[in-house]
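Novice: For the sequence shown, the residue numbers in mature numbering (1 follows the signal peptide of the UniProt record, and there is no 0) are -25 to -1, 1 to 364.
Even for Gly, the Cβ is constructed at its ideal location relative to N, Cα and C.
Please read these numbers as outputs of a predicted model, since none were measured by experiment.
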Amino acid sequence: MVRRFSLPSRWAVAALSLLAPPLRAQSVAPAPIDTAALTASLRQHWQQSDFPGFAVAVVRPQGIVYEHGFGYANKARQTPYTPTTVQGVGSVSKTLIGVALLQAAAEGRLRLDQPVNELLPFAVHNPYFPGQPITLRHLATMTAGLTDAQGFYNRHAYAKGHSSPLSNAEYLRRTLSPAGKWFSRRRFVPHAPGTYYAYSNESAALAALALEKATGQPFDQYTRQRILLPLGMTDSGWHFAETDSARHATLYDQRGRVVPPYYTITYPDGGLLTSTHSLALYLRGILNPASPGAPLPPAARDSLLFPQFREGHPPQHLDPAEPQQALFWAHRRNGTIGHTGGDAGLTTFLFFDPKTLTGKIFVTNTELHSSPRSLAQFQAIWKLLDQVP
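1. Given that a residue counts as buried once 16 or more other Cβ atoms are within 10 Å of its Cβ, and exposed if not, what is R348?
2. Please give the ranges of any alpha helix (DSSP H) in the segment 323 to 352, keeping only runs that are unbroken, at least 4 residues long and fully inside the region.
3. Out of curiosity, what's the CA-to-CA distance linking P282 and N309?
4. Classify G63: buried if its beta carbon has 16 or more other beta carbons within 10 angstroms, exposed otherwise.
5. At the level of alpha carbons, what is the spacing between S231 and V91?
6. In terms of residues, what are the limits of the beta strand (DSSP E) holding N49?
7. Give a yes or no on whether the C-beta atoms belonging to Y133 and Y257 are separated by under 8 Å.
8. Tell me whether W357 sits in a helix, a strand or coil according to DSSP, three-state version.
9. Among residues of its own chain, excluding the 5 on either side of Q300, which ones have a beta-carbon nearer than 6 Å to its beta-carbon?
10. Is F29 near T311, with beta carbons less than 8 Å apart?
11. Name the two residues that bound the continuous alpha helix (DSSP H) containing R148.
12. So, does the segment 74 to 84 touch the segment 141 to 150, judging by three or more C-beta pairs under 8 Å?
13. Any contact of the segment 152 to 160 with the segment 177 to 194, i.e. 3+ C-beta pairs under 8 Å?
14. Starting from the C-beta of G260, find all residues in its chain whose C-beta is less than 7 Å away, skip the five residues before and the five after it, and write them out in chain order.
15. Output needed for F21: all residues of its chain with C-beta closer than 6 Å, excluding positions within five of it in sequence on either side, in chain order.
16. Here's the rule: buried if 16 or more other CB atoms are within 10 angstroms of the residue's CB, otherwise exposed. What is G287?
17. Spell out the partners DSSP gives R35 in its beta bridges.
18. Tell me which same chain residues have a C-beta within less than 8 Å of the C-beta of L95, skipping the five on either side of it?
19. Between which two residues does the beta strand (DSSP E) containing Q62 stretch?
20. Do F163 and T122 come within 8 Å of each other at the CB atom, strictly closer than that value?
21. For A224, I'd like the list of residues in its chain whose CB is within less than 6 Å of its CB, leaving aside the five on either flank, ordered along the chain.
22. Any chance you could list the beta strand (DSSP E) runs of at least 3 consecutive residues sitting entirely within the segment 229 to 305, in chain order?
23. Would S346 be called buried (16 or more neighbouring beta carbons within 10 Å of its own) or exposed?
24. Between the C-alpha atoms of T209 and A32, what's the straight-line distance to the nearest angstrom?
25. How many whole angstroms separate the CB atoms of L77 and L279, which I take to be in contact at a CB cut-off of 8 Å?
26. Can you check the segment 86 to 140 for any beta strand (DSSP E) of at least 3 residues that lies completely inside it and give the ranges in chain order?
27. Inspect the beta-carbon positions of H314 and A305 and report whether they are closer than 8 Å.
28. Report the CB separation of A119 from S211 in whole angstroms; it is logged as a contact under 8 Å.
29. Is I336 near T251, with beta carbons less than 8 Å apart?
30. Within its chain, find whatever has a CB closer than 8 Å to the CB of L87; leave out the 5 residues flanking it on each side and keep chain order.
31. Taking C-beta to C-beta, are P264 and F194 nearer than 8 Å?
32. Going by DSSP, name the residue or residues bridged to residue 368.
33. Considering H20, what are the terminal residues of the alpha helix (DSSP H) in which it resides?
34. Could you please give the first and the last residue of the uninterrupted beta strand (DSSP E) stretch that includes I72?
35. Give me the Cβ distance between L262 and F327, rounded to the nearest whole Å; I'm assuming they're in contact under 8 Å.
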């Protein structure tokens, strides 16, 4: 299984300026809009696509202005894919770590520039620069010097079925502690913390573990109590047992074959199970801190999304498709802010335009791949969502 955590820049929408004024919440109730033609067009695109099923949503500060599902959550049973269908959303999960870090920082439980070893139950150092501490901010911006060895990660970070006896903490101890049985210098890049960008699932999982030690609560429980339930994301959770199995989508690979159930051991980095509707509630809470259950007040929300790299002084190896990074939220070259998610049998896009405060979500129960056909199918659907008035 391969976590496809970074998706090609050509999938982005039309260019917008990168930096925008602070987001300003609105409280106007959404007016009814006529979306029949849009729904018909999206249905036609599904019929011509390779997607088993998908759901989309358009979100503004006042609420969800459009959501709809198309195709099948299960092809054999022809179960409709709806906005309330539940599935994994991959690395979009990481954005919740950023939110939780800001919550804990506001309560004085941690500091973003705090050395992570002050919180961890075992020490983690870049072996090339053992005297330079790794901070939470480094982890949250993918500049800690950790890098996923993809083959190793695929073999060890997943378990067949719906659970694993190996915990996130134990996986990280075995992998990143010098005394761990899987430790290797290849888990790190030969660059000092803060100087080199390297996307890392383990960086996210390590930040979540540090948060656990700072708050005294397991990450799944903390985020459920502090983010999911206040927002009304009652169908969501980090473990299959927490969600309604009858609402789960069946996942399919690129050839249309069923992907057997699997569990992500480093679950904070990509294991959230949720629906498109619940993701839309989450995105509304980010766009509008005054909305019900919003997880952060305005100043903390702005800190969450603020560009972390000094202008003119980016870290080395920064992805040109995402030339700025917030705290587990990416700034794309087209000006939008959000995250992609990809794993075996699933793909998710969650982005918003900070100028118009309009967000878009796309979730499907298969993997988008790099063929021109799949790219064109996704691009057409994503662009159609701009028709929502």
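Specialist: By the coordinates alone:
1. Exposed is the call here.
2. As far as the segment 323 to 352 is concerned, it has no whole alpha helix (DSSP H) run of at least 4 residues.
3. C-alpha separation (whole angstroms): 14 Å.
4. G63 sits buried, since 16 or more C-beta atoms from the chains shown fall within 10 Å of its C-beta.
5. Sequence check: residue 231 is Gly here, not Ser. Separation of G231 and V91 (C-alpha to C-alpha, rounded to the nearest whole angstrom) is 42 Å.
6. Going by DSSP, N49 is part of the beta strand (DSSP E) stretching over G38 to N49.
7. Not closer than 8 Å, so no.
8. Looking at W357 - three-state DSSP - the assignment turns out to be helix.
9. Taking C-beta separations shorter than 6 Å and ignoring five residues to either side along the sequence, the partners of Q300 in its chain run T116 and Q283, following chain order.
10. With a cutoff of 8 Å on beta-carbon distance, F29 and T311 are scored as not near each other.
11. Secondary structure note for R148: its alpha helix (DSSP H) is the uninterrupted segment N143 to L151.
12. Taking one beta carbon from each stretch, the segment 74 to 84 and the segment 141 to 150 have fewer than 3 pairs nearer than 8 Å; the two do not touch.
13. Contact between the segment 152 to 160 and the segment 177 to 194 is absent, because fewer than three Cβ pairs lie under 8 Å.
14. So the qualifying residues of the chain are L206, S266, G268, A269 and P270.
15. For clarity, residue 21 is Trp in the given sequence; the question names Phe instead. Taking C-beta separations shorter than 6 Å and ignoring five residues to either side along the sequence, the partners of W21 in its chain run F45 and G46, following chain order.
16. Around the beta carbon of G287, fewer than 16 other beta carbons lie within 10 angstroms, which makes this residue exposed.
17. According to DSSP, which records beta bridges pairwise, R35 is partnered with G38.
18. Excluding residues up to 5 positions away in sequence, L181, L184, A185 and K188 lie with their Cβ nearer than 8 Å to the Cβ of L95 in the same chain.
19. In the DSSP assignment, Q62 falls within the beta strand (DSSP E) that extends over V61 to G63.
20. In this structure, F163 lies closer than 8 Å to T122 by Cβ.
21. Excluding its 5 nearest sequence neighbours in each direction, A224 has C-beta neighbours in its own chain below 6 Å: A48, T60, Q62 and N340, listed in chain order.
22. Here the runs fully enclosed are 237 to 239 and 248 to 250.
23. Under this definition S346 is an exposed residue.
24. Near 18 Å, if we compare the C-alpha coordinates of A32 and T209.
25. Between L279 and L77 the Cβ distance is about 5 Å, and since that is below 8 Å, they are a contact.
26. Counting only unbroken stretches of 3 or more residues, the beta strand (DSSP E) elements lying wholly within the segment 86 to 140 are 133 to 135, in sequence order.
27. Their beta carbons are under 8 Å apart, which means H314 touches A305 by this criterion.
28. Not confirmed; about 28 Å, so no contact.
29. Result yes, Cβ atoms of I336 and T251 sit closer than 8 Å.
30. In its chain, beyond the 5 residues on either side, L76, A80, T110, L111, R112, A115 and L302 have a beta carbon closer than 8 Å to the beta carbon of L87.
31. No, they are not a contact pair.
32. As displayed, the chain neither begins before -25 nor continues past 364, which places residue 368 out of reach and without an answer.
33. First-last of the alpha helix (DSSP H) with H20: A11 to Q22.
34. Segment K69 to A81 is the alpha helix (DSSP H) holding I72; no beta strand (DSSP E) there.
35. Contact between L262 and F327 holds, with the beta-carbon distance rounding to 6 Å and staying under 8 Å.
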